[in-house]
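Enquirer:
In mature numbering (1 follows the signal peptide of the UniProt record, and there is no 0), the protein residues as written are -26 to -1, 1 to 799.
#1: Using C-beta distances below 6 Å, list every residue in its chain close to residue 306, excluding the 5 sequence neighbours before and after it, in chain order.
#2: Span of the beta strand (DSSP E) holding residue 360?
#3: Does DSSP classify residue 77 as helix, strand or coil?
#4: Rounding to the nearest angstrom, what Cα-Cα distance links residue -4 and residue 137 in this structure?
#5: Which parts of the stretch 627 to 673 are runs of the beta strand (DSSP E), unbroken and 3 residues or longer, counting only runs that do not cross its ends?
#6: Considering just the uninterrupted stretch of the alpha helix (DSSP H) at residue 735, what are its terminal residues?
#7: Flag this pair as touching only if the stretch 568 to 576 and the stretch 224 to 243 have three or more C-beta atom pairs under 8 Å; answer yes or no.
#8: Terminal residues of the continuous alpha helix (DSSP H) containing residue 70?
#9: Can you look up residue 780 in the DSSP assignment and give me helix, strand or coil?
#10: Are the stretch 387 to 397 and the stretch 428 to 448 in contact at 8 Å, needing three or more beta carbon pairs?
#11: Is it the case that the CB of residue 539 approaches a heavy atom of the ligand GDP more closely than 7 Å?
#12: If distances are taken between C-alpha atoms only, which option among 599, 257, 329 comes closest to residue 348?
#13: Would you list the one or two residues that DSSP bridges to residue 812?
#14: Quick check: the Cα distance between residue 83 and residue 65, rounded to an integer number of angstroms?
#15: Opposite residue 242 in the DSSP bridges: which residues?
#16: What separation, rounded to the nearest whole angstrom, lies between the Cα atoms of residue 237 and residue 386?
#17: Just the C-alpha distance for residue -6 and residue 73, rounded to the nearest angstrom, thanks.
#18: Would you give the residue range spanned by the alpha helix (DSSP H) that residue 442 belongs to?
#19: Considering Cα atoms alone, identify which of 700, 579, 52 is closest to residue 29.
#20: Residue 545 and residue 530: beta carbons closer than 8 Å?
#21: So is residue -8 buried or exposed if we call it buried at 16+ other beta carbons inside 10 Å?
#22: What distance in whole Å lies between the Cβ atoms of residue 411 and residue 316, which are believed to be in contact at a cut-off of 8 Å?
#23: Determine the extent of the beta strand (DSSP E) in which residue 337 is found, giving its start and end residues.
#24: If contacts are defined as beta-carbon pairs under 8 Å, then residue 455 and residue 486 qualify, I think. What distance do you get, rounded to the angstrom?
#25: State the Cα-Cα distance for the pair residue 791 and residue 196, rounded to the nearest angstrom.
#26: Could you please give me the residues that DSSP links to residue 518 through a beta bridge?
#27: Taking the beta strand (DSSP E) that residue 111 belongs to, which residues open and close that run?
#28: Using 10 angstroms around the beta-carbon of residue 281, count the other beta-carbons present and answer buried if the total reaches 16, otherwise exposed.
#29: Looking at the structure shown, is residue 10 part of a helix, part of a strand, or coil, going by DSSP?
#30: I'd like the list of long-range same chain contacts for residue 75, defined as Cβ closer than 8 Å, with 5 residues on each side in sequence excluded.
#31: Between the alpha carbons of residue 10 and residue 720, how many angstroms are there, rounded?
#32: Counting only the same chain and skipping the five closest in sequence on each side, list residues whose C-beta sits under 7 Å from that of residue 636.
#33: Buried or exposed for residue 234, please, with buried defined as at least 16 other CB atoms from any protein chain shown within 10 angstroms of its CB.
#34: Going by C-alpha distance, which of 467, 497, 460 is nearest residue 481?
#35: Do residue 639 and residue 178 have their CB atoms nearer than 8 Å?
#36: Please state if the CB of residue 327 and the CB of residue 216 are separated by a distance shorter than 8 Å.
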């Protein structure tokens, strides 16, 4: 009989041997059947496969799943139970950390927490375990009565990882050279966010450097602070430059101490902001965003409507001043209102903040008074929330008291009153602010409405920022007092989105005497017809100096996938009574395998003497950073711009270059896969391990389980890996290590001979006693091994026997599978 018959017979018979028996005695297969026509073969060893769960006992890295929900990923020790299955060897303390109330299990009463439950089937009959070896998953089934009550999606705080000691630096350098009327000007802006992590403490700094000849450079350190979790209080302790929260009072920037609750520590089921800035550029323009006088964002946009969605404000409220500088040097500024959402809290939830320090006005030579502030928001039953707070300074006192409630089918609303007394030079003023906030979502018609009203009475009301800044100007007259402030935002999907979506936004600020009034109204409509998407935006702004700026913009885009993959054609038109009409057409898309090279080309024409214009720009995102550049031209000027962004992460084993990090240097993972260079990180555009096997993974959610995965198809030829997926739970701002167990070395398909014949089918082969390099001999006496050093000794064991075999992998074959044979002695 041929070898093919023997091999086929083995493959057909072994699966039947793994099926459970229905009789009173075990089914038995005669292993001699596998030795037909093979008198030279040693007796087949099927002891490893004669029962279910036949894998060897030992340590495996697995996902632990409880009632269908993955709780964690870690190395677990398994032992073989009497019934032949592999069962976990957990201590009582470990079972309890998994959320199982072992105090309710009679057989485990009065046991020490460190005691190992060696036979969970007998000692914990209510709990069932099953090891899914193929998926490397430990499945645990527990009656609900034995589970400690936890919120949906909650992650055990004991798993929160403070990470490794690390130094961080995120940099963003951008600039442009412009030519106009025969003259050239340069502008460069460097944004540096640096930090250091050690034993849960996080030091952060944000600095900027702007350079524009001939005025020279302007270096500023915007803020520095030191932070640490206070997990027992579900909060954060911060010392340094920070800002008070904006849920009770307007946010105040200060330098001092703060203890504040952190909703991120709560499960998502128990817990919500940076605004989107929209505007219209008349040409290729520079957009600068300031908050409290400090530049917090700067970018370059193409002509037409733009939207900024990646903003990281310095504080959680306070109007944003947006300046659009056109290519001809003209600029226009508008205000973007920014405040927190209504303050509703769940029943029993206490949200708190206590701050003390010195006010930061961002003005050179300013007198910065000391400030103490405290606030609390507490959720009562029946959907009611109470909140209040106090601000105390040598020139300012304020008290706030309010309540929020669910108003039946009408939505939710909050109403509060703030009394404030301000010392303004020789004047002492006091007044009241009444604030009403409202929110409602109607899922069926797709309507979302939010509104706010601030009314001021009882004299002149000033918040802490206004009162402090006025004193710094040494003025003897009273500042303009606010009379009222209104805002309303409405979004509406039409016919379940088939007809598009409509968004309206209105904001009005009025002062006593009618001076400095401001108002903004915008209407946005977006829809699609087939693969064509289009939008219409109308804006009307009235600034404090009485100037009205009305503009309208239309945009449309469609994919060219059938002709050019990953490419879109676009068209835009914009104009207004005080602005030229601009028409622009272009294409944009992505290139390369990872779609990490984006580009945009456009050509336009403007009325009122603007003439032709155009721009081309591209951006490439790699593992070590992001590069961008562009060229724009118009009748009046030409401009070249560039951007270089990236990060450096210093750790115990060196420095790893990375992609641009989030603005607040939030949680990261450091992938460590020794010897695995150039391996792609799944779900991360353009990210691969460096020559040492390291990579920095961004955008991890603090206190949430995140899976980090390697693309095994990109592994080098001499590298194997046991598991390509890890689960991490980083703390806020932590750099957590994601170590992958790689095996670097040769790959060998070796035929092992023993006493003139072949080794038995099922014999176990190991590189040494501790090595994870192992394999099982097949029916031809062959075994496949990976991660081997160039030479060594293989240890072979089977029922009733053992031997050793020497091997060698030629250096030129380390990147491919080598076939060899050896004598086992």
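Virtual Cβ for every residue (Gly too), placed ideally from N, Cα, C. In this text, all values refer to a predicted model and were calculated from it rather than measured experimentally.
Expert: If we stick to the structure as given:
#1: The residues are 298.
#2: Residues 358 to 366.
#3: In the three-state reduction of the DSSP assignment, residue 77 falls in the helix class.
#4: For residue -4, the predicted structure reports a pLDDT of 44, less than 50, and the residue's modelled location is therefore unreliable. The matter cannot be settled from this model.
#5: Qualifying beta strand (DSSP E) stretches, in chain order: 628 to 632, 642 to 646, 668 to 671.
#6: Following the DSSP letters along the chain, one finds residue 735 in no alpha helix (DSSP H), marked with neither H nor E.
#7: No: fewer than three Cβ pairs fall under 8 Å.
#8: Looking at the DSSP string, the run of the alpha helix (DSSP H) that includes residue 70 is 66 to 71.
#9: If DSSP states are grouped into helix, strand and coil, residue 780 belongs with the strands.
#10: With contact defined as three or more Cβ pairs closer than 8 Å, the stretch 387 to 397 and the stretch 428 to 448 are in contact.
#11: Looking at this structure, you won't find the ligand GDP or any other ligand, since it has none at all.
#12: Per the Cα distances, 329.
#13: One cannot answer for residue 812 here, as it falls past the ends of the chain, which runs -26 to 799.
#14: CA-to-CA, the gap between residue 83 and residue 65 works out to about 14 Å.
#15: DSSP output for residue 242 lists no bridge partner at all.
#16: About 20 Å.
#17: Because residue -6 carries a pLDDT of 42, less than 50, the predicted location of this residue cannot be relied on, and the following value inherits that uncertainty. Our two residues, residue -6 and residue 73, have alpha carbons roughly 35 Å apart in a direct line.
#18: First-last of the alpha helix (DSSP H) with residue 442: 438 to 446.
#19: When each option's Cα is compared against that of residue 29, the closest is 52.
#20: Closer than 8 Å, so yes.
#21: With a pLDDT of only 41 at residue -8, under 50, the local geometry of the prediction cannot be trusted, and no value is derived from it.
#22: Sure, about 5 Å apart at Cβ, within 8 Å.
#23: Segment: none, residue 337 is in no beta strand (DSSP E) and carries neither H nor E.
#24: About 5 Å; that satisfies the 8 Å criterion.
#25: Residue 791 and residue 196 have their alpha carbons spaced roughly 57 Å apart.
#26: Bridge pairing for residue 518: absent [DSSP].
#27: From DSSP, the beta strand (DSSP E) with residue 111 extends over 111 to 115.
#28: With fewer than 16 other Cβ atoms inside 10 Å of its own Cβ, residue 281 counts as exposed.
#29: Summary for residue 10: the model assigns pLDDT 48, below 50, so the residue's position carries little reliability; its value from the coordinates is reported in the next sentence. Residue state, collapsed to three classes: coil.
#30: The residues 120, 121, 122, in chain order, have a CB closer than 8 Å to that of residue 75 in the same chain once the five nearest residues on each side in sequence are set aside.
#31: Caution is warranted here: a pLDDT of 48 is assigned to residue 10, below 50, making its placement in the model unreliable, and no coordinate value can be reported.
#32: Close CB contacts of residue 636 within its chain, under the 7 Å cut and outside five residues either way in sequence, are with 672, 673 (chain order).
#33: Residue 234 counts as buried, since at least 16 other C-beta atoms from the protein chains shown sit within 10 angstroms of its C-beta.
#34: Cα-wise, what sits closest to residue 481 is 460.
#35: Against a cut-off of 8 Å, the Cβ pair of residue 178 and residue 639 comes out as a contact.
#36: Cβ distance not < 8 Å, so residue 216 and residue 327 don't count as in contact.
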